[in-house]
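> Here's a structure for you.
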Amino acid sequence: MSTHDDPGMERPEDDPEDAEDDDEADIGASIAASDSEVSDGDEGAESATTDAPSTSGGPEEKARPLLVQSLFHGPPGTVWFGYAPFLEMERTEGQERVVEMADASQLPLWFKAERNINCVAQSLKRNGFRRLVKGQAFNVFWGAHLGEKALRRLQPHQYVNHFPGSYGVGRKDYLWKNISRMQRDWPAEYDFCAKSYILPTDRDLFERDYVDGELYIVKPPASAEGRGIRLMTRLEQAPARDKAAVVQRYIDRPYLIDGFKFDLRVYVAVTSFDPLRLYVFEEGLARFATQPYSSTASRTNAKNKLAHLTNYSLNKKSGAFVRNTDAEVDDEGSKWSLSAVWRHLEARGHDTAALRSRIDEIATKTMIAVEPSVVSKLNQFCYGRGSCFELFGLDILLDESVRPWLIEVNVACSLSSSSPLDKRVKHMLLTDLFHLVGPVPFRREARGGRGGGGAAAGAREAAARAAAEREAAAK
Numbered sequence: 001m002s003t004h005d006d007p008g009m010e011r012p013e014d015d016p017e018d019a020e021d022d023d024e025a026d027i028g029a030s031i032a033a034s035d036s037e038v039s040d041g042d043e044g045a046e047s048a049t050t051d052a053p054s055t056s057g058g059p060e061e062k063a064r065p066l067l068v069q070s071l072f073h074g075p076p077g078t079v080w081f082g083y084a085p086f087l088e089m090e091r092t093e094g095q096e097r098v099v100e101m102a103d104a105s106q107l108p109l110w111f112k113a114e115r116n117i118n119c120v121a122q123s124l125k126r127n128g129f130r131r132l133v134k135g136q137a138f139n140v141f142w143g144a145h146l147g148e149k150a151l152r153r154l155q156p157h158q159y160v161n162h163f164p165g166s167y168g169v170g171r172k173d174y175l176w177k178n179i180s181r182m183q184r185d186w187p188a189e190y191d192f193c194a195k196s197y198i199l200p201t202d203r204d205l206f207e208r209d210y211v212d213g214e215l216y217i218v219k220p221p222a223s224a225e226g227r228g229i230r231l232m233t234r235l236e237q238a239p240a241r242d243k244a245a246v247v248q249r250y251i252d253r254p255y256l257i258d259g260f261k262f263d264l265r266v267y268v269a270v271t272s273f274d275p276l277r278l279y280v281f282e283e284g285l286a287r288f289a290t291q292p293y294s295s296t297a298s299r300t301n302a303k304n305k306l307a308h309l310t311n312y313s314l315n316k317k318s319g320a321f322v323r324n325t326d327a328e329v330d331d332e333g334s335k336w337s338l339s340a341v342w343r344h345l346e347a348r349g350h351d352t353a354a355l356r357s358r359i360d361e362i363a364t365k366t367m368i369a370v371e372p373s374v375v376s377k378l379n380q381f382c383y384g385r386g387s388c389f390e391l392f393g394l395d396i397l398l399d400e401s402v403r404p405w406l407i408e409v410n411v412a413c414s415l416s417s418s419s420p421l422d423k424r425v426k427h428m429l430l431t432d433l434f435h436l437v438g439p440v441p442f443r444r445e446a447r448g449g450r451g452g453g454g455a456a457a458g459a460r461e462a463a464a465r466a467a468a469e470r471e472a473a474a475k
């Protein structure tokens, strides 16, 4: 099965929880009211900095763009990202190399976002960026996957939040195609996904392997929020022969906390696929079902989604959902922090260091599985491989032996702040992500109007350099 996906194929749905979150409702107003929202043709576009709304609830603070200088001679400095005051955290590593931006030709710093996501906007605005509404003069772009033409127009110091082809793990069917391909060569290394079948292609194989009495879970290939997911207990409950679906063996003996099923949302940042560079965020979230789970009763209550599924978008509508009200109390209610889960497991004698190492391996091997497809598209569409980065949300389920299983990968994971715990985790996450990516300011004169002659000239120059390098290599 090929990993080279069709550029026109259906992408995974964005997780719409961002738009539903109470904490997001005021961000549109705060951004619209700020003088930091302009188009690249506005007269005020040359101003260096603007007032960014304070995230601490106090008076507004003046954003000061800072750079952290490279440890090596030659490479330019990158933007320094400090934490929001309400996090009460301070970034100390590298502080001796932090300087204030002095080159006015590199200002202002721009970000362009398709959605008003609080933790994204505030992490950037707090550190001296201004929001761009129209035009392509951005330093950082946050939105859906860009198309081929937009990727080709990117200039060396523009950063976008998706790699081309990353939906090779973001769609449930393509994830299994890539994982199963790796399983054929390295079965012991890729044993962290339950056996799956892509219908209708694998229909005969599924019917041959079907074991009467076992549970299976049926999922749409490209969906979010738990829509269309159901359990099947009999072969006749399988999808129609012409219907696209992913059928997976159900892990019916999960590890339970206080009798409830849960999964782990593990955040993984990838800054390069060639070579592969990925970073696992130390904090994350555990999402709980809102009805008690029983492995012995799982076949008789297969229709009870609130016991089997941990999706926040489903369970938040349950009368049994317990919302977090204090970020410091991270081990109560229907959402916990990863740190709270580690504490819970350690208190019961489990080796969390080994578990976390295993999850890190799952993240790495999952990205290796899609690496050939992504690198192929980078070489085809992007002249500068450093233009892309991506935040992935891995959903991990622990079975009763505390063995981690990869359930799915989200390329548009929810960044909403529906509770104080969500807000703390996600503001810290996005600040660390942008600091890790390290946007490099560049001279405004070099932008050449962006999206017009300057961008095209930059692409032509990059293409010419690439052609010269290939010609030299051939000789």
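Residue numbers for the sequence shown follow our numbering, so the first one is 1 and each next one is one higher. Note that beta-carbon positions come from the ideal geometry of N, C-alpha and C, so glycine has one too. A quick note: this is a predicted structure, and the numbers were derived from the prediction, not measured.
Got a sec, what are the start and stop residues for the alpha helix (DSSP H) V247 sits in?
First-last for V247: A245 to R249, but that is the beta strand (DSSP E), not the alpha helix (DSSP H).
> Could you name the residues of the same chain whose beta carbon sits closer than 6 Å to that of Y210, not counting the 5 residues immediately before and after it, in chain order?
So the list reads L235, once near-sequence residues are dropped.
> Taking its Cβ as the centre, do 16 or more other Cβ atoms sit within 10 Å of S418, making it buried, or is it exposed?
Buried is the call here.
> Alpha carbon to alpha carbon, what distance is there between G393 and T92?
In a straight line, the C-alpha of T92 is about 27 Å away from that of G393.
> By Cβ distance, which residues of its chain are closer than 7 Å to W342, with the 5 residues on each side in sequence left out?
Within the same chain, W342 has close Cβ partners T352.
> Does the distance from the CB of R126 to the CB of P108 come in under 8 Å?
No, the Cβ-Cβ distance between R126 and P108 is not below 8 Å.
> Could you tell me whether the region 85-104 touches the region 412-431, using the rule of 3 or more Cβ pairs below 8 Å?
Contact holds: three or more Cβ-Cβ distances are below 8 Å.
> Please identify the residue among I229, L421 and S337 whose C-alpha is closest to the C-alpha of A327.
If we check each option's Cα against that of A327, L421 comes out closest.
> Among the residues of its own chain, which have a CB less than 7 Å from the CB of L278, if the five just before and after it don't count?
These residues qualify, in order along the chain: V268, A269, V270, A363, T364 and M367.
> If we ignore side chains and look at the alpha-carbon of each, how far apart do S373 and G165 end up?
Taking the straight line from one Cα to the other gives about 6 Å.
> I need the DSSP call for A269, collapsed to helix, strand or coil.
In the structure shown, A269 sits in a strand (DSSP, three-state: E or B).
> According to DSSP, is K426 part of a helix, a strand, or is it coil?
K426: helix per DSSP, three-state reduction.
> Determine the closest residue to E408 out of V246, H73, D185 and F260, with distance taken between C-alpha atoms.
Checked all of V246, H73, D185 and F260; the closest Cα to E408 is V246.
> Can you give me the Cβ contacts of R299 inside the same chain, cut-off strictly under 6 Å, excluding the 5 residues immediately before and after it?
Hits under 6 Å: T233.
> Got a sec, what are the start and stop residues for the beta strand (DSSP E) K261 sits in?
Unbroken run through K261: none, as it is neither H nor E.
> Near L175, which residues of its chain fall below 7 Å by C-beta distance, leaving aside the five closest residues on each side in sequence?
Only V169, E408 and V409 meet the Cβ criterion.
> In the DSSP assignment, what are the bridge partners of W405?
Answer is L397.
> By the three-class DSSP mapping on this structure, what secondary structure does L231 have?
The answer is strand: DSSP assigns L231 an E or B state.
> Under DSSP, the beta strand (DSSP E) around R287 begins and ends at which residues?
Its beta strand (DSSP E) spans residues L285 to F288.
> Grab the span of the alpha helix (DSSP H) containing L175 for me, first residue to last.
Looking at the DSSP string, the run of the alpha helix (DSSP H) that includes L175 is K172 to D185.
> Does DSSP put N315 in a helix, in a strand, or in coil?
In this structure, N315 counts as helix in the three-state DSSP scheme.
> Should R287 and D263 be called a contact, given that it needs their Cβ atoms to be closer than 8 Å?
Yes, the Cβ-Cβ distance between R287 and D263 is below 8 Å.
> Report, in whole angstroms, the separation of the C-beta atoms of Y159 and P441, which I expect to be a contact under 8 Å.
Y159 to P441, Cβ: 12 Å. No contact.
> Leaving out five residues on either side along the sequence, give the residues of the same chain with a beta carbon under 6 Å from the beta carbon of G94.
Result list for G94: V68, in chain order.
> Rounded to whole angstroms, what is the Cα-Cα separation between S387 and G319?
S387 and G319: Cα-Cα distance of roughly 45 Å.
> Can you tell me the Cα-Cα spacing of D331 and R348, whole angstroms?
Straight-line Cα distance between these residues: approximately 15 Å.
> Need the endpoints of the alpha helix (DSSP H) that S414 sits in, please.
Taken as a continuous stretch (DSSP letters only), S414 belongs to no alpha helix (DSSP H), as it is neither H nor E.
> Taking 8 Å as the CB-CB limit, is K261 close to chain B?
This model lacks chain B altogether, as it is built from one protein chain only.
> Would you mind giving the Cβ-Cβ distance between L398 and C193, rounded to the nearest angstrom? I have them listed as a contact below 8 Å.
Rounded, the Cβ-Cβ distance is 14 Å, inconsistent with contact.
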